[in-house]
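Chains as they are written, first to last, in my numbering: chain S, 1 to 538; chain W, 539 to 600.
Where is the CB? At the ideal position from N, CA and C, for every residue including glycine.
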């Protein structure tokens, strides 16, 4: 059976194809549209995953009618007159468009509406996490923004199936709390990864005040945590940035919001106001991790026969200490999928609907489920390009390349790539199918030697959270060989690694995107498939 | 696979039924009249939008 999975109506629309219980292809729309966290219908992603075939059934993550009832009641509860605009905007969006998803998807795909199934979002995200981990049993914690009604769910996967053990309902959402703080700090509401990146420069001096907003309950009879409703008005998220999801109570505690147009000076010298933003981010990370600790403690008694925990949902992207806390709560193994955001629901929904009695276990064959390209035309275009013409494409402040030459060589060996890195060059590497998740795992990577890490971060732009990643021979032999060759020369086992993209752009998809990035930024060497292209400066 | 005749009407009525079920399931029966009014209004506007002479005045509202 061929199942098309969709994640719709939220940041990060995606499509996935599952054939006979196996994930064949998956992609987020942002890779094709080049609009970060593109929430529009994933037309290009659907076209890629289907590849001209027709789906037998369609599975979508999230239930539109459940979400509509949540939005309707939240909009009605929003104080008048401030909430009147949010009510009108929400109802126009939902009654005018989102509510009729079954009909609109049916029209777009030319399928019978009865063949479209909506899967609760927490179950879809949980199933995706388990498949990515390759586990048949285990406990899953889904920390969502606001999916259907459930915001934070604990699910147990047992031989009897996937069941919800505990759930914290809207409006008590860690994800919406994170979105509110992100908005207060001048970031996009769904760009939660900026919070741990900024937190690294601050101290948790606002943690006590934030604990009054996010109250953790240790009593098992109560939800694991609650949000103070006097501080938030999430119905107004629909009007962002004209209206804010926080109330005056929150700004009384944390101060005025940051002007998003003003760049953050970190890691350089900072003013007191900039330091306040970093301190708020650091405090946020502390209190969210405290709430998650309580959730994990309760999840440890969820009754799943396995000692493993999958942690997923958008909050997983802004809780860097979550894995450590889960281990402290009693889990022997912790897994966070490459794509913890709503897009993962596309894979999970398709796996749930496509499950057959003889194939209940479902796995993903690694992270490289995106489109593969033939890069020869792009290499040819690059070879014929006039380097003086490049200057008009260059990012302001980047190193001048006037008079530069390009050097090409075929089939670069790991030793050759390692020599580039030892020479202090920033290397962009684009090969094979792109990663399905939002981050590079080796096929769309920026690499630099440890001493050149600042140059690599300069290419990326704003502060980015770069967690430690383990590369193994089985997961990615080519990247593993480069690390080994680099270690032979320098004695250092490890490289600085980041996503092959600019600060606010999604990860590169096609070789043409990589060439444009190479032209615009201070990436010194670009490897496209079997071709190495090196900038030579005057 | 292709859409059978009347698929849209079936999908829309099914969605309206699901909305009412969801409200009852979450003990939000008090919101049923509001939902009914909103959905009826949306239906009237959608029908008006099908009339070429009136449509230009309806689309800005939608």
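Going by DSSP, residue 2/S is part of the beta strand (DSSP E) stretching over 2 to 7.
Fewer than three Cβ pairs drawn from the segment 43 to 56 of chain S and the segment 151 to 164 of chain S lie within less than 8 Å of each other, which leaves the two stretches out of contact. For a Cβ distance threshold of 9 Å, nothing in chain S lies close to residue 544/W: the least Cβ distance comes to about 10 Å. Under a criterion of Cβ atoms nearer than 9 Å, no residue of chain W is adjacent to residue 352/S; the nearest Cβ is some 19 Å distant.
Residues of the segment 563 to 577 of chain W whose Cβ lies closer than 9 Å to any Cβ of chain S, in chain order: 563, 564, 566, 569, 572, 573, 576 and 577. Between residue 227/S and residue 407/S the beta-carbon gap is near 57 Å, outside 8 Å, which marks them as no contact. Here residue 390/S has 401 and 519 as same chain residues with Cβ atoms under 7 Å from its own Cβ, once five neighbours each way along the sequence are excluded.
For residue 589/W, not one C-beta of chain S is nearer than 8 Å to its own C-beta. Here residue 246/S carries a strand assignment [DSSP, helix/strand/coil]. Of all alpha-carbon atoms in 308/S, 299/S and 287/S, the one lying nearest the alpha-carbon of residue 320/S is that of 287/S.
Taking the Cα positions, residue 246/S is about 45 Å away from residue 479/S. Note that the segment 76 to 93 of chain S does not touch the segment 306 to 315 of chain S; fewer than 3 beta-carbon pairs, one per stretch, sit closer than 8 Å. When 8 Å is used as the limit between beta carbons, residue 550/W is near these residues of chain S: 100 and 103, in chain order. Sorting 24/S, 64/S and 384/S by C-alpha distance to the C-alpha of residue 10/S places 64/S at the top.
With fewer than 16 other beta carbons inside 10 angstroms of its own, residue 451/S counts as exposed.
The three-state secondary structure of residue 63/S, taken from DSSP, is coil. In the structure shown, the three-state DSSP call for residue 315/S is helix.
Close CB contacts of residue 230/S within its chain, under the 8 Å cut and outside five residues either way in sequence, are with 247 and 249 (chain order). Bridge partners of residue 116/S according to DSSP: 58/S. The bridge partners DSSP lists for residue 446/S are 428/S and 498/S. Not one beta carbon of chain W lies nearer than 8 Å to the beta carbon of residue 213/S. Taking 8 Å as the upper bound on Cβ-Cβ separation, chain W lies near residues 64, 65, 66, 68, 69, 72, 73, 76, 91 and 92 of the segment 64 to 93 of chain S. By the rule that beta-carbons nearer than 8 Å mark a contact, residue 171/S does not touch chain W. By the C-beta density criterion, residue 472/S is exposed, having fewer than 16 other C-beta atoms within 10 angstroms. In the DSSP assignment, residue 401/S is bridged to no other residue.
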